[in-house]
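Engineer: Structure incoming, see below.
Protein chains in written order, with the working numbering: chain Z, 1 to 530; chain A, 1 to 577.
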């Protein structure tokens, strides 16, 4: 009770200051929490603390819906999957804000789970004195497995508050200046006989004196590299076992109790909305499945078309369709839900530059964004005595995250996408109901259980999983009245616009009640008058 | 009254003490290889509930404070402590400074005897220590971490609730197994109240079975052209949830041995898996303990049934994880095991049994680099020294006739069933078949313990030897030391080396001013690999079994120096001038 009162007070104070929200940058963790508290104070939303990271930062979920929320199909929206992708936190949070304030009608049929920020430890680096693109949480991890955790992180060699890159002039180097932009370095193409000019490293010193740079970062496990699907065991940022971190376990333990989720929308670098995942028969047939299944490929393609007609940004260099140990693939391959992912934002194709950094810089130049690059400047580096070392490069965060003022439009379009996805959810109806007397006090009830929706009740993967329930049909008649047909029956799946035909023979008079559905497909109830 | 009682008790105590001593002299004579007058008396021809196991463990720890410590390494789903005994000679160093052997049992709750077998090892090591030089040396050098049951909730379920010999295999978390949205709503029913789930049969004019006129316990099929008296109805039970199926949603059903974090796969690929590796608190406790004890170099997990010494890989996808150097060591130890345990065969899980993901032994080896076996305890060979095969009804009936005198079988008795009408219930008890009958337990426990002792013996044993000095002139001296591993196992399995699972072994010199340090690649041809950083502490990737590595320092001054080796899995050793 006290807690409730406290959060109301908090929310109250925020809404007073609400007009001051026209801020110019992504929120800090405490600003974010205030916004979540405010959403949580709405009648249709429930804010719950899932757990904490090892450094004590909270991980939240918002459950938004009306009525019996657990009995309606649900979509989970996930942000902060990568700590450096601060946009994703904003997209998830704004979706929740818009849903509660502008789209409450969507809650009649659908429940939403919003996980705004799964990487609060790493997210904080955006606002820290020293800014760098961080993925790992606060756990102490020995990434280079030399017996000492975190003993070779980054060093801000030029003291500008950003970790960028350092290049060392060296004829044995494997990088050269890009032909497309002289600020950009690219790998020398040995197959074309190209020589390199530079060794390139992240801005750092060899603190553990092993000849390697920034190979044992002072950050822990990355949420998006430590899930069970294709877990990259023993790799840096992944660790020794999957799902090792408290915040990840808190989220998964929660998800495994929410039986109504039929789809995920994940804001992270992986993208299967600009173009769908491709079915590969061989990989789909193996015992360890590594290809989207055939029927699900078609669903992905259909949803992708809808995304492209909803979101105005045209795809460019969107080749990341999943990385080992990531969340987006886990949601499909291991949690067996429909899983859709998008970064929400990327640099558009500009002046035909093929190199991503060159393309970005040309585009930024055209918009007058002149604060996105640290010019290469010579410094003296203790590990390279007598060599020319320069620090510079594209600033952290700017390529993955747009300037804050652009977020509004992106969030609006993605909100629309998620709401359209909700409209596609499984939708059970009774069709062709016949209640006919067959004499001697016996009545036959027959009907088609129809899924009036473009999505099936179960994806092909979902049908295989024990973590999705089957469609359960209950005909509530006593065993003395039920002459034929089953009191309880389970149906594996009903296709998009497909049906299951059912019939029973009942003895005597009196109403018989009928219930059919599954949490992730919704339920229908009916009473048959005999 | 109180005082009187106390005096009486004291007097009685003294009398009984005296009588034990004198009677031991007069009545007992030591059998070779067994504790003569154990401080902790344990009957090895019966099974123990969780509480019974813990009671014995506490008695062992209390009776042998210098050799045994007991601790809880975590809680089970229902809140029971997972109890572990640490067995080592604590007067000869901390447990964590010595190479260690992990032993557990009962991960599958119906595979009960692993707990007694593991407990036997703890009892045997502590009770034999005083009289046996070999065990004294073993406990000076090694540590045993023994956790008789890593599934205490369901162990008690097996004993105290109605079950078959095959149930429960999992723990006791209720899950929805039939997919109807309700969990564990159609459990097995012990209709005749005897604690065993046996079989149901019914007289039927179209039956295919008759009772053997020579042995009415035995139901036999009639010939293809004959009509029988009985039909089989399956396992004892009723349809509790009204879905027309009997016993279709019991507690569980997951598999604790599909819950480990090496090549883990979800349930639709690997039946029995839970949400993610170490979902189960029992396994998580073991994992966390093992992570905190990098000195564990060998591991043994007890299952039943089949008389097997199993090694990984559990899944064909992991074939390349096990390379030739390590397999050589696996083979050498297990082949010895086949001799020590007649009837047991040495097999590889994925190719001789079936492919599994997320198994315990794969995690121990794949993720921690620990040489690990799973023994499938009990085989029908132990009955008559014949290979009649698993679940051979003829042999089992004969065992029960000649050796257990009818104690293994519940005779058919009639019963009024709510759905089937008049039926008969009977069949083999849950404690027969997979489980050892009492008279076979101690011997097989001893043989399996001897095997784990042999396994533990061959964890690395390091020494610093053959330290040589060479004057290089100009005030410089070269010191070369040999680090010898006199057991079969290396300090790092090849899996460990491949992934750098464990830190390198460190060979350090103190009391000398070090100018340069080297790992010696070839002493005769003076090939040295220099270590530029911290040359006084040479990092050695591995010290292979039954062989040595050499290190070399160039020092500018050294008088009373000492050399030490510190290995996570190989223990510590030192040498002083």
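Backbone N, C-alpha and C fix where the C-beta goes; we use that ideal spot for every residue, glycine too.
Below 8 Å, can you find three or more Cβ-Cβ pairs linking the segment 487 to 504 of chain A to the segment 129 to 139 of chain Z?
Structural biologist: Segments in contact, no.
Engineer: Pick out the complete alpha helix (DSSP H) segments inside the segment 90 to 139 of chain Z, 4 residues or longer, and give them in chain order.
Structural biologist: As far as the segment 90 to 139 of chain Z is concerned, its whole alpha helix (DSSP H) runs of at least 4 residues are 120 to 123.
Engineer: Under 8 Å between C-beta atoms, does residue 564 (chain A) make it to chain Z?
Structural biologist: Sequence index remark: in the second chain, residue 564 (chain A) carries index 564 (1-based). No, its Cβ sits nowhere closer than 8 Å to a Cβ of chain Z.
Engineer: Mark residue 327 (chain A) as exposed unless 16 or more other C-beta atoms lie within 10 angstroms of its C-beta, in which case mark it buried.
Structural biologist: As a working note, residue 327 (chain A) is residue 327 in the second chain. Flag for residue 327 (chain A) reads exposed.
Engineer: Which whole-angstrom value describes the C-beta separation of residue 284 (chain A) and residue 278 (chain A), a residue pair presumed to lie in contact below a C-beta threshold of 8 Å?
Structural biologist: Indexing the second chain from 1 puts residue 284 (chain A) at position 284. Indexing the second chain from 1 puts residue 278 (chain A) at position 278. Right, the Cβ-Cβ distance comes to about 4 Å (below 8 Å), so this counts as a contact.
Engineer: Does the count of Cβ pairs from the segment 378 to 391 of chain Z and the segment 152 to 162 of chain Z closer than 8 Å reach three?
Structural biologist: The segment 378 to 391 of chain Z, when compared against the segment 152 to 162 of chain Z, does touch it at the 8 Å Cβ threshold.
Engineer: Does any CB atom of chain Z fall closer than 8 Å to the CB of residue 275 (chain A)?
Structural biologist: By 1-based counting over the second chain, the position of residue 275 (chain A) is 275. With 8 Å as the cut-off, residue 275 (chain A) counts as an interface residue toward chain Z.
Engineer: Between the alpha carbons of residue 527 (chain A) and residue 329 (chain A), how many angstroms are there, rounded?
Structural biologist: Translated into positions along the second chain, residue 527 (chain A) becomes position 527. Translated into positions along the second chain, residue 329 (chain A) becomes position 329. The alpha-carbon atoms of residue 527 (chain A) and residue 329 (chain A) are separated by roughly 29 Å.
Engineer: Let's test the definition: count the other Cβ atoms within 10 Å of the Cβ of residue 512 (chain A) and tell me whether it reaches 16, buried, or not, exposed.
Structural biologist: For the purposes of this step, residue 512 (chain A) is identified with residue 512 of the second chain, where counting begins at 1. Burial call: buried.
Engineer: If you draw a straight line from the C-alpha of residue 467 (chain A) to the C-alpha of residue 482 (chain A), how long is it?
Structural biologist: Counted from its first residue, the second chain places residue 467 (chain A) at position 467. Counted from its first residue, the second chain places residue 482 (chain A) at position 482. Cα to Cα, residue 467 (chain A) sits roughly 7 Å from residue 482 (chain A).
Engineer: Might you give, ordered along the chain, the residues of its own chain that have their beta carbon closer than 6 Å to the beta carbon of residue 220 (chain Z), omitting 5 neighbours on each side?
Structural biologist: As a position in the first chain, residue 220 (chain Z) is number 220, starting the count at 1. Taken in chain order, the residues that qualify are 136, 137, 138, 139 and 141.
Engineer: Any C-beta of chain Z sitting closer than 8 Å to the C-beta of residue 367 (chain A)?
Structural biologist: Within the second chain, numbered from 1, the residue matching residue 367 (chain A) stands at position 367. Closer than 8 Å: yes.
Engineer: Where does residue 39 (chain Z) fall in DSSP's three states?
Structural biologist: Looking up residue 39 (chain Z) in the first chain gives position 39. If DSSP states are grouped into helix, strand and coil, residue 39 (chain Z) belongs with the helices.
Engineer: Contact criterion: CB-CB distance below 8 Å. Does residue 79 (chain A) meet it with respect to chain Z?
Structural biologist: The sequence position of residue 79 (chain A) within the second chain is 79, counting from 1. Output row for residue 79 (chain A): interface = no.
Engineer: In whole angstroms, what separates the C-alpha of residue 226 (chain Z) from that of residue 372 (chain A)?
Structural biologist: As a first step, residue 226 (chain Z) is located in the first chain; it is residue number 226 there, counting from the start. As a first step, residue 372 (chain A) is located in the second chain; it is residue number 372 there, counting from the start. Distance between the alpha carbons of residue 226 (chain Z) and residue 372 (chain A): 26 Å.
Engineer: Going by the CB atoms, is the gap between residue 187 (chain Z) and residue 175 (chain Z) shorter than 8 Å?
Structural biologist: In the first chain, the residue the question calls residue 175 (chain Z) occupies position 175. In the first chain, the residue the question calls residue 187 (chain Z) occupies position 187. Yes, they are a contact pair.
Engineer: Sorted by chain position, which residues of the same chain lie with C-beta nearer than 6 Å to residue 465 (chain A)'s C-beta, five sequence neighbours on each side aside?
Structural biologist: Along the second chain, one-based indexing puts residue 465 (chain A) at 465. Excluding sequence neighbours, residue 465 (chain A) sits near 482 and 484.
Engineer: With 16 as the cutoff for other CB atoms within 10 Å, does residue 459 (chain Z) come out buried or exposed?
Structural biologist: Here residue 459 (chain Z) refers to the residue found at position 459 of the first chain. Buried, by the Cβ-count rule.
Engineer: Go ahead and label residue 451 (chain Z) buried or exposed: buried means 16 or more other beta carbons lie within 10 angstroms of its beta carbon, across all protein chains shown.
Structural biologist: The residue you call residue 451 (chain Z) lines up with position 451 of the first chain. Result: buried.
Engineer: Check for me: the beta strand (DSSP E) holding residue 298 (chain Z) runs from which residue to which?
Structural biologist: As a working note, residue 298 (chain Z) is residue 298 in the first chain. Taken as a continuous stretch (DSSP letters only), residue 298 (chain Z) belongs to no beta strand (DSSP E), being part of the alpha helix (DSSP H) at 294 to 310.
Engineer: Using a beta-carbon distance cut-off of less than 7 Å, what residues from the segment 300 to 326 of chain A approach chain Z?
Structural biologist: Result list: 317.
Engineer: Nearest-angstrom Cα distance between residue 513 (chain Z) and residue 31 (chain Z)?
Structural biologist: Within the first chain, the letter at position 513 stands for residue 513 (chain Z). Within the first chain, the letter at position 31 stands for residue 31 (chain Z). Approximately 50 Å between the Cα atoms of the pair.
Engineer: Per the DSSP calculation, residue 469 (chain Z) is bridged to which residue(s)?
Structural biologist: As a first step, residue 469 (chain Z) is located in the first chain; it is residue number 469 there, counting from the start. Bridge partners of residue 469 (chain Z): none, in fact.
Engineer: Have a look at A:117, A:370, A:477 and A:101 and flag the residue whose alpha-carbon is nearest the alpha-carbon of residue 497 (chain A).
Structural biologist: Locating residue 497 (chain A) in the second chain gives position 497, where the first residue counts as 1. Here the closest residue by C-alpha is A:370.
Engineer: Which residues of chain Z have a Cβ atom closer than 7 Å to the Cβ of residue 201 (chain A), listed in chain order?
Structural biologist: By one-based count along the second chain, residue 201 (chain A) stands at place 201. Under the 7 Å cutoff, chain Z gives no residues; its nearest Cβ is about 24 Å from residue 201 (chain A).
Engineer: Since residue 529 (chain A) meets chain Z, which of its residues come closer than 8 Å, beta carbon to beta carbon?
Structural biologist: Sequence index remark: in the second chain, residue 529 (chain A) carries index 529 (1-based). Here the premise fails: no neighbours, minimum Cβ distance about 14 Å.
Engineer: Closer than 9 Å, Cβ to any Cβ of chain A: which residues of the segment 238 to 261 of chain Z, in chain order?
Structural biologist: So the close ones are 240, 241, 242, 243, 244, 248, 249, 252, 253, 255, 256 and 259.
Engineer: Three or more C-beta pairs under 8 Å: does that hold for the segment 242 to 261 of chain Z against the segment 160 to 169 of chain Z?
Structural biologist: Judged by Cβ distances under 8 Å, the segment 242 to 261 of chain Z makes no contact with the segment 160 to 169 of chain Z, as fewer than three pairs qualify.
Engineer: Quick check on the DSSP output: the alpha helix (DSSP H) that includes residue 495 (chain A) runs from which residue to which?
Structural biologist: Position 495 of the second chain, counting from 1, holds the residue named residue 495 (chain A). 494 to 499 is the extent of the alpha helix (DSSP H) around residue 495 (chain A).
Engineer: Based on the DSSP output, what are the partners of residue 484 (chain A) in its beta bridges?
Structural biologist: The residue you call residue 484 (chain A) lines up with position 484 of the second chain. DSSP, once it has assigned bridges, lists A:463 and A:548 as partnering residue 484 (chain A).
Engineer: May I ask you to check if the CB of residue 483 (chain Z) is nearer than 7 Å to at least one heavy atom of the ligand GDP?
Structural biologist: Absence of the ligand GDP is noted for the structure shown, with no ligands found whatsoever.
Engineer: In the segment 430 to 499 of chain Z, which residue ranges form an unbroken alpha helix (DSSP H) of at least 4 residues, counting only runs that do not cross its ends?
Structural biologist: Those alpha helix (DSSP H) runs which fall completely within the segment 430 to 499 of chain Z and span 4+ residues are 460 to 464.
Engineer: Buried or exposed: where does residue 611 (chain A) fall if 16 or more other Cβ atoms within 10 Å of its Cβ makes it buried?
Structural biologist: Nothing about residue 611 (chain A) can be read from this structure; chain A reaches only from 1 to 577.
Engineer: Please list the terminal residues of the continuous alpha helix (DSSP H) segment that includes residue 210 (chain A).
Structural biologist: Position 210 of the second chain, counted from the start, is the residue given in the question as residue 210 (chain A). Element bounds for residue 210 (chain A): not the alpha helix (DSSP H) but the beta strand (DSSP E), 209 to 212.
Engineer: Which residues, taken in chain order from the segment 241 to 272 of chain A, show a beta carbon closer than 8 Å to some beta carbon of chain D?
Structural biologist: Considering every chain present, this structure includes no chain D. Its protein chains are Z and A.
Engineer: Would you kindly report the start and end of the unbroken alpha helix (DSSP H) that includes residue 356 (chain A)?
Structural biologist: If you number the second chain from 1, residue 356 (chain A) lands on position 356. No alpha helix (DSSP H) contains residue 356 (chain A), which DSSP labels as neither H nor E.
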